[in-house]
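S.K.: Per this note's numbering, residue 1 is the first one in the first sequence, and the count goes up by one each step.
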Amino acid sequence: MLFARRDFPMFSPFMSSSDRRKPYPFDVFEPQWQAYWARNATFRVANPGEPGFDAARPKYYVLDMFPYPSGAGLHVGHPEGYTATDIIGRFKRMNGYNVLHPMGWDSFGLPAEQYAIKTGQHPAITTAQNVARFKTQLQKIGFGYDWSREIATSKPAYYKWTQWIFLKLYNAWFNPATQKAEPISTYTGPDPDRVRLAYVSEAPVNWCPELGTVLANEEVIDGKSEVGGFPVERRPMRQWMLRITAFAQRLIDELEGLDWPQSIKLLQQNWIGRSEGAEVHFSLEGSDRKITVFTTRPDTLFGATYMVLAPEHHLVDEIAAEDQWPAIRDYRAKTARKSDLERTELAKEKSGVFTGAYALNPVNGEKVPIWIADYVLLGYGTGAIMAVPAHDERDLEFARKFELPIKLVVQAPSKTLEESRGFCDNGTAVNSGFLDGLPTPEAKARIGAWLEERGLGKRTVNFKLRDWLFSRQRYWGEPFPIVWENGQHRAISESELPLTSPELADFKPTGTPEPPLSKATEWVRYSATATRELNTMPQWAGSCWYYLRYCDPANADRFVSEEAERYWMGGGKPGSKPGGVDLYVGGTEHAVLHLLYARFWHKVLFDLGYVSTPEPFQRLVNQGLIMGEDGQKMSKSRGNVVNPDDVITDYGADALRLYEMFMGPLEQSKPWSMTGVEGVSRFLARVWRLVMQENQASEWEMGPLSAEAALDKAQQRVIHATIKKVGEDIEALSFNTAIAQMMVYVNTFTAVSPRPVAALRTLLIVLNPFAPHLTEELWARLGAKFGGFEGLVADQPWPEYDPALLVEDEVEIPIQVNGKVRDRIVVAKDADKAALEAAALASPKVREFTGGKTIRKIVVVPGKLVNIVAA
RNA sequence: GCCGAUGUGGCGAAAUGGCAGACGCACCGGACUUAAAAUCCGUUGGGAUUCACCUCCCGUGCCGGUUCGAGUCCGGCCAUCGGCACCA
Numbered sequence: 001m002l003f004a005r006r007d008f009p010m011f012s013p014f015m016s017s018s019d020r021r022k023p024y025p026f027d028v029f030e031p032q033w034q035a036y037w038a039r040n041a042t043f044r045v046a047n048p049g050e051p052g053f054d055a056a057r058p059k060y061y062v063l064d065m066f067p068y069p070s071g072a073g074l075h076v077g078h079p080e081g082y083t084a085t086d087i088i089g090r091f092k093r094m095n096g097y098n099v100l101h102p103m104g105w106d107s108f109g110l111p112a113e114q115y116a117i118k119t120g121q122h123p124a125i126t127t128a129q130n131v132a133r134f135k136t137q138l139q140k141i142g143f144g145y146d147w148s149r150e151i152a153t154s155k156p157a158y159y160k161w162t163q164w165i166f167l168k169l170y171n172a173w174f175n176p177a178t179q180k181a182e183p184i185s186t187y188t189g190p191d192p193d194r195v196r197l198a199y200v201s202e203a204p205v206n207w208c209p210e211l212g213t214v215l216a217n218e219e220v221i222d223g224k225s226e227v228g229g230f231p232v233e234r235r236p237m238r239q240w241m242l243r244i245t246a247f248a249q250r251l252i253d254e255l256e257g258l259d260w261p262q263s264i265k266l267l268q269q270n271w272i273g274r275s276e277g278a279e280v281h282f283s284l285e286g287s288d289r290k291i292t293v294f295t296t297r298p299d300t301l302f303g304a305t306y307m308v309l310a311p312e313h314h315l316v317d318e319i320a321a322e323d324q325w326p327a328i329r330d331y332r333a334k335t336a337r338k339s340d341l342e343r344t345e346l347a348k349e350k351s352g353v354f355t356g357a358y359a360l361n362p363v364n365g366e367k368v369p370i371w372i373a374d375y376v377l378l379g380y381g382t383g384a385i386m387a388v389p390a391h392d393e394r395d396l397e398f399a400r401k402f403e404l405p406i407k408l409v410v411q412a413p414s415k416t417l418e419e420s421r422g423f424c425d426n427g428t429a430v431n432s433g434f435l436d437g438l439p440t441p442e443a444k445a446r447i448g449a450w451l452e453e454r455g456l457g458k459r460t461v462n463f464k465l466r467d468w469l470f471s472r473q474r475y476w477g478e479p480f481p482i483v484w485e486n487g488q489h490r491a492i493s494e495s496e497l498p499l500t501s502p503e504l505a506d507f508k509p510t511g512t513p514e515p516p517l518s519k520a521t522e523w524v525r526y527s528a529t530a531t532r533e534l535n536t537m538p539q540w541a542g543s544c545w546y547y548l549r550y551c552d553p554a555n556a557d558r559f560v561s562e563e564a565e566r567y568w569m570g571g572g573k574p575g576s577k578p579g580g581v582d583l584y585v586g587g588t589e590h591a592v593l594h595l596l597y598a599r600f601w602h603k604v605l606f607d608l609g610y611v612s613t614p615e616p617f618q619r620l621v622n623q624g625l626i627m628g629e630d631g632q633k634m635s636k637s638r639g640n641v642v643n644p645d646d647v648i649t650d651y652g653a654d655a656l657r658l659y660e661m662f663m664g665p666l667e668q669s670k671p672w673s674m675t676g677v678e679g680v681s682r683f684l685a686r687v688w689r690l691v692m693q694e695n696q697a698s699e700w701e702m703g704p705l706s707a708e709a710a711l712d713k714a715q716q717r718v719i720h721a722t723i724k725k726v727g728e729d730i731e732a733l734s735f736n737t738a739i740a741q742m743m744v745y746v747n748t749f750t751a752v753s754p755r756p757v758a759a760l761r762t763l764l765i766v767l768n769p770f771a772p773h774l775t776e777e778l779w780a781r782l783g784a785k786f787g788g789f790e791g792l793v794a795d796q797p798w799p800e801y802d803p804a805l806l807v808e809d810e811v812e813i814p815i816q817v818n819g820k821v822r823d824r825i826v827v828a829k830d831a832d833k834a835a836l837e838a839a840a841l842a843s844p845k846v847r848e849f850t851g852g853k854t855i856r857k858i859v860v861v862p863g864k865l866v867n868i869v870a871a
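1) In terms of residue numbering, what span does the alpha helix (DSSP H) encompassing Y597 cover?
2) Return the chain-ordered list of same chain residues with a C-beta closer than 7 angstroms to the C-beta of N535, the five sequence neighbours on each side being excluded.
3) What's the gap between the Cα of R682 and the Cα of W147?
4) State yes or no: is the C-beta of V76 within less than 7 angstroms of the C-beta of P644?
5) Which runs of the alpha helix (DSSP H) spanning at least 4 residues fall entirely within the segment 40-105, listed in chain order?
6) I need the boundaries of the alpha helix (DSSP H) containing Q891, first residue and last residue.
7) Is I151 closer than 7 angstroms to Y159 when the C-beta atoms are compared?
8) For the putative contact between Y306 and P236, defined by C-beta atoms under 8 angstroms, what is the C-beta separation to the nearest angstrom?
9) How many angstroms separate the CA atom of E485 from the CA atom of S501?
10) Label I899 either buried or exposed according to how many other C-beta atoms from any shown protein chain fall within 10 Å of its C-beta, with 16 as the threshold for buried.
11) Rounded to whole angstroms, what's the CA-CA distance from T416 to G422? Just pull it up for me.
12) To the nearest angstrom, how far is the alpha carbon of R5 from that of I739?
13) Whose C-beta lies closer than 7 angstroms to the C-beta of E318 among residues of the same chain, with five residues either side of it excluded?
14) Out of A203, G223, G228, N217, point me to the one whose CA is closest to L211's CA.
15) What whole-angstrom Cβ distance do Q34 and Q139 have, given they're in contact under 8 angstroms?
16) Can you list, in chain order, the stretches of the beta strand (DSSP E) that have 3 or more residues and sit fully within the segment 380-423?
17) Return yes when the C-beta of L255 is under 6 angstroms from any heavy atom of the ligand PLP, and no when it is not.
18) Assign E244 to one of three DSSP states: helix, strand, or coil.
19) Name the DSSP beta bridge partners of Y358, please?
20) Could you pull out every residue in the same chain whose Cβ sits closer than 6 angstroms to the Cβ of D7, ignoring the five residues on either side in sequence?
21) Could you tell me how far apart the beta carbons of A278 and R459 are, in whole angstroms, since I believe they sit closer than 8 angstroms?
22) With burial defined as no fewer than 16 other Cβ atoms inside 10 Å of the residue's Cβ, what is the status of S493: buried or exposed?
23) Pick out whichever of Q618, R686, D712, G365 has its Cα sitting closest to the Cα of G703.
24) Restricting to Cα atoms, I'd like to know which of V766, A541, M742 is closest to I165.
25) Entirely within the segment 304-345 and at least 3 residues each: give me those beta strand (DSSP E) ranges in chain order.
26) Let me know the alpha helix (DSSP H) ranges lying completely inside the segment 145-209, each 4 residues or longer, listed in chain order.
27) Could you give the first and the last residue of the continuous beta strand (DSSP E) run that contains K857?
28) Give a yes or no on contact between the segment 61-80 and the segment 21-33, applying the rule of three or more CB pairs nearer than 8 angstroms.
29) To the nearest angstrom, how far is the alpha carbon of D330 from that of P513?
30) So E776 and V793 are in contact, right, with Cβ under 8 angstroms, and what is the actual spacing, rounded?
31) Please look up how many angstroms separate the CB atoms of F849 and V817, rounded, as I've assumed it's under 8 angstroms.
32) Considering Cα atoms alone, identify which of T300, Y546, A124, Q249 is closest to R149.
33) Tell whether a beta-carbon distance below 7 angstroms holds between I723 and P799.
34) Could I get the ranges of all uninterrupted alpha helix (DSSP H) runs contained in the segment 215-299, with 4 residues as the minimum, in chain order?
35) With a floor of 4 residues, list each alpha helix (DSSP H) that falls wholly inside the segment 763-845, ordered by position along the chain.
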């Protein structure tokens with residue numbers, strides 16, 4: 001290993017005098033170590049079957065949410081999660097794991113394209129520039145990524161497989177009998193196009209005129225686009241959809257086994273929005289048509305006094321009375337014109353129009369009027385409701401406004417019937433015929449059975465989740481591997497992949513629903529009779545499976561080899577954990593977007609036998625937001641954005657890393673503080689000066705060190721307590737307390753001269769995952785003079801601690817009287833109860849407080865405290 | 001409205017039900033220096049009392065409970081932040 005030393009940075013250029021102001025010469029050695037790691041591919045990890053692969057080691061897959069390479073460059077929020085995973089990755093490496101820790105670029109999609117439009121350059125060029133910039137920035141922080149696995153979703157070699165997965169979706173259906181995705185060939189029904197997981201639908205979609213594209217429900221927030229915050233309106237368009245709703249139940253059920261934050265699980269659960277209830281058929285007066293409604297409260301059927309259809313409901317055309325048509329037409333037009341934003345803003349005031357038609361309540365034959373109102377949504381349930389104004393807030397509001405009858409059918413516990421008006425919880429059925437006297441849950445069961453027996457309805461489950469609108473009218477995205485002929489779509493063959501985007505000088509959105517790809521007249525024509533699909537896939541497509549590609553990024557024959565997938569994703573071992581990425585760190589903003597979409601795709605691939613685990617991400621951790629120094633969210637307009645490059649220039653990469661971790665718990669949001677950065681920078685300088693000192697010529701030279709110095713008990717205790725605590729804290733992702741412990745360590749040995757080399761050695765190892773540059777530099781310098789510093793710190797095994805050295809011979813025990821500390825005594829660490837009790841009672845101060853009182857009880861916790869209860 | 005998270009010094013924060021405030025920032029004092037910066041050492045939750053380094057009282061958003069003992073557990077509120085929001 002010695003011959004390799006020549007290669008080490010410490011032997012290259014000297015510091016110039018202008019560097020003397022730096023607390024330690026990080027600006028010299030940090031870039032040198034980064035170059036060293038890159039040159040030697042230090043963090044490269046071999047796949048099974050490759051040279052250098054060590055099958056004896058366990059695997060650990062630690063993943064970051066890869067960034068959009070936007071024009072703005074990195075901000076300090078990125079390195080927070082990235083530093084956490086880097087520490088874990090380096091730590092696991094030192095503990096003998098094969099660590100997969102990759103990085104790549106989510107380089108397709110709106111942000112990249114908008115930046116390109118803004119700067120007037122082709123997105124391929126701006127994306128390449130942005131990627132180069134992001135990569136430089138990340139490398140300046142010294143992350144131990146295996147850069148040989150770098151991927152970019154916008155590269156044909158990558159998106160070939162995104163398109164390939166789309167074809168798998170297109171050629172699959174969800175078999176309700178098996179509750180699994182299966183090849184479309186197992187479908188025996190009449191029209192396969194009606195059950196494909198990727199299908200075309202003509203439906204009202206979220207159209208954003210400003211962005212010139214449609215958006216998924218998940219991308220619309222408060223009626224505005226998630227990107228840019230532009231208004232979104234509904235308009236019917238022909239679009240590609242993915243049948244994520246088929247997996248709704250499994251997406252809920254299979255959350256259970258995941259080690260995810262409870263809040264994210266709930267967010268997904270609520271977004272999927274399962275609700276149990278019943279469908280009830282109402283027959284129409286004077287017609288043989290039926291209206292089917294969905295309700296979660298079939299037990300209130302006797303209280304249904306009117307019905308409401310969504311304004312767009314197709315039955316309206318058939319049932320509306322002649323004289324009501326003008327009003328209905330008018331109301332429908334008004335509803336259609338409203339954007340989602342207006343519709344939610346006006347949510348307070350109920351509106352609607354009577355259709356002139358009546359339905360018959362199946363339970364008692366009563367005539368109930370049928371209205372239309374925009375508070376009933378076409379897309380949920382059946383687009384029709386039975387209104388029970390007595391026990392539903394919205395129905396009550398509506399009934400009051402339009403003076404519709406209100407019939408009380410549920411009595412609230414310990415209230416009169418009249419007081420039960422507007423009561424929406426569980427109570428007792430009244431005025432409900434054969435349901436009278438039943439508590440709500442039993443009434444629900446009874447009426448459900450009753451309806452089913454008579455064919456008047458059935459118990460059913462509904463989800464809020466909608467199918468995923470999967471096409472975008474953009475240039476910078478994956479083209480669909482689909483062609484159209486005679487109004488019919490069909491897949492192109494896998495051998496034609498990747499289907500690359502056409503070269504386009506003008507790639508801007510057309511401003512109409514016509515996608516920009518329509519401008520590529522040559523490309524569009526597939527054959528004499530067939531044309532290509534013009535839409536592109538959304539941003540999320542590439543990020544739905546990138547974690548799989550990292551396992552085998554250069555594979556030209558398969559999206560990931562079976563062997564690599566099984567090894568890194570870790571499934572298939574009976575009795576083991578469910579498998580998947582071992583640790584995934586990222587922000588909460590993807591709770592119902594990327595994280596839901598990726599789970600969906602993964603399940604499809606799992607069902608079809610392409611991956612070995614049902615879930616992609618075993619353990620998920622959300623890092624908190626980093627706020628500006630003013631406590632506000634960082635934003636350009638507020639001028640409180642911190643650029644990591646500046647921090648590195650002034651304090652170094654190690655200080656940036658350390659501060660990001662020392663700020664507070666990873667999951668919490670917290671404000672940035674430059675004086676805080678200075679604090680950790682001072683700490684790192686103290687570590688530097690444990691080894692180095694400045695001579696008269698202001699040059700750094702080795703300080704007084706001793707290889708022989710014996711460590712006293714207190715020093716040994718600090719060393720071993722630190723090994724223990726830092727190791728445990730890293731596992732628990734409590735990086736801030738790990739750093740605090742290392743500060744204690746450094747404070748202890750700052751006071752010691754000459755410095756015991758053994759203590760320095762251990763410190764460099766435990767500090768290495770946090771401050772890799774500084775520790776490698778000092779390690780190399782110590783290695784030039786002392787033994788035991790061979791190779792890289794990063795390659796050292798994590799030290800073991802000796803529990804025997806952790807315990808003190810004597811401990812100070814607080815003595816409480818009635819729960820208040822009155823004295824402290826020093827006793828042997830293993831003093832037993834009797835000895836402690838005697839010592840406590842002997843204390844003069846204790847006597848002072850117990851004098852004249854009766855001692856009722858003495859609580860003794862050996863090694864902890866004594867509490868005397870006196871009265 | 002519903003769901004979730006969070007409330008501890010001047011600030012970021014620590015505390016298996018067992019000495020509240022580790023560690024860092026800031027502040028103040030001391031050493032070194034012609035001086036400053038840097039560095040090193042030390043004080044710092046609030047209040048009362050004292051010549052004092054002694055001693056006492058109060059203190060983890062608020063109210064109550066469990067316990068020998070509560071920042072931590074239980075019940076009820078309040079505030080801030082985040083998500084969902086006419087989902088029948």
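The beta-carbon is built from N, C-alpha and C at its ideal position, and this holds for glycine as well.
M.R.: In terms of the structure at hand:
1) What you label residue 597 is simply residue 597 of the first sequence in a count that begins at 1. 594-607 is the extent of the alpha helix (DSSP H) around Y597.
2) Stepping through the first sequence from its first residue, residue 535 is reached at position 535. These residues qualify, in order along the chain: W240, S471, R472, Q473, F480, P515.
3) Here residue 682 refers to the residue found at position 682 of the first sequence. Here residue 147 refers to the residue found at position 147 of the first sequence. Approximately 31 angstroms between the Cα atoms of the pair.
4) The residue labelled residue 76 in the question sits at position 76 within the first sequence. The residue labelled residue 644 in the question sits at position 644 within the first sequence. Cβ distance < 7 angstroms, so V76 and P644 count as in contact.
5) Whole alpha helix (DSSP H) segments, 4+ residues: 78-94.
6) Because the chain in this structure spans residues 1 to 871, residue 891 falls outside the shown range and cannot be described.
7) If you number the first sequence from 1, residue 159 lands on position 159. If you number the first sequence from 1, residue 151 lands on position 151. For Y159 and I151, no; Cβs fall outside 7 angstroms.
8) As a first step, residue 306 must be located in the first sequence, where it is residue number 306. As a first step, residue 236 must be located in the first sequence, where it is residue number 236. Contact doesn't hold; Cβ gap of about 28 angstroms is too wide.
9) One-based indexing of the first sequence puts residue 485 at position 485. One-based indexing of the first sequence puts residue 501 at position 501. Approximately 20 angstroms between the Cα atoms of the pair.
10) Shown here, the chain extends from 1 to 871; a query on residue 899 therefore has no answer.
11) To locate residue 416, count along the first sequence from 1; it is residue 416. To locate residue 422, count along the first sequence from 1; it is residue 422. Distance between the alpha carbons of T416 and G422: 12 angstroms.
12) Residue 5 sits at position 5 when you count from the first residue of the first sequence. Residue 739 sits at position 739 when you count from the first residue of the first sequence. Confidence at R5 is low in this model, with a pLDDT of 37, below 50, so the placement of that residue is unreliable and no value is reported for it.
13) Within the first sequence, residue 318 is the residue found at index 318, counting from 1. Only R289 meet the Cβ criterion.
14) Your numbering for residue 211 matches position 211 in the first sequence. Among A203, G223, G228, N217, the Cα nearest to that of L211 belongs to G228.
15) Here the question's residue 34 lines up with position 34 in the first sequence. Here the question's residue 139 lines up with position 139 in the first sequence. So it is a contact: roughly 6 angstroms between Cβ atoms.
16) Fully enclosed beta strand (DSSP E) runs of 3 or longer: 384-387.
17) Absence of the ligand PLP is noted for the structure shown, with no ligands found whatsoever.
18) Residue 244 sits at position 244 when you count from the first residue of the first sequence. Residue identity differs from the one stated: residue 244 is Ile in this sequence, not Glu. Under the three-state reduction of DSSP, I244 is assigned to helix.
19) As a position in the first sequence, residue 358 is number 358, starting the count at 1. Partner residues in the beta bridge of Y358, as assigned by DSSP, are P369.
20) Within the first sequence, the letter at position 7 stands for residue 7. Here the model assigns D7 a pLDDT of 42, short of 50, so the residue's position is not dependable and the matter cannot be decided.
21) Here residue 278 is taken as the residue at index 278 of the first sequence, counted from 1. Here residue 459 is taken as the residue at index 459 of the first sequence, counted from 1. A278 to R459, Cβ: 5 angstroms. Contact.
22) Locating residue 493 in the first sequence gives position 493, counting from the first residue. Burial call: exposed.
23) Numbered from its first residue, the first sequence carries residue 703 at position 703. Here the closest residue by C-alpha is R686.
24) Here the question's residue 165 lines up with position 165 in the first sequence. Across the set V766, A541, M742, the C-alpha of A541 shows the shortest separation from the C-alpha of I165.
25) Secondary structure within the segment 304-345: the beta strand (DSSP E) runs of 3 or more consecutive residues, fully enclosed, are 306-309 (chain order).
26) Counting only runs of 4 or more, we get 156-170.
27) Locating residue 857 in the first sequence gives position 857, counting from the first residue. Where K857 is concerned, the enclosing beta strand (DSSP E) starts and stops at 855-861.
28) With the cut-off at 8 angstroms, the segment 61-80 and the segment 21-33 do not touch.
29) As a first step, residue 330 is located in the first sequence; it is residue number 330 there, counting from the start. As a first step, residue 513 is located in the first sequence; it is residue number 513 there, counting from the start. In a straight line, the C-alpha of D330 is about 26 angstroms away from that of P513.
30) For this step, residue 776 is matched to residue 776 along the first sequence. For this step, residue 793 is matched to residue 793 along the first sequence. Yes, they are in contact, since the Cβ atoms of E776 and V793 sit about 5 angstroms apart, within 8 angstroms.
31) Within the first sequence, the letter at position 849 stands for residue 849. Within the first sequence, the letter at position 817 stands for residue 817. Contact holds; Cβ gap of about 4 angstroms.
32) Here residue 149 refers to the residue found at position 149 when the first sequence is read from its first residue. Nearest option by C-alpha distance: Y546.
33) Walking along the first sequence from the start, residue 723 turns up at place 723. Walking along the first sequence from the start, residue 799 turns up at place 799. Closer than 7 angstroms, so yes.
34) Counting whole runs of 4 or more residues, the segment 215-299 contains the alpha helix (DSSP H) stretches 248-253, 262-272.
35) Counting only runs that start and end inside the segment 763-845, the alpha helix (DSSP H) elements of at least 4 residues fall at 772-783, 833-842.
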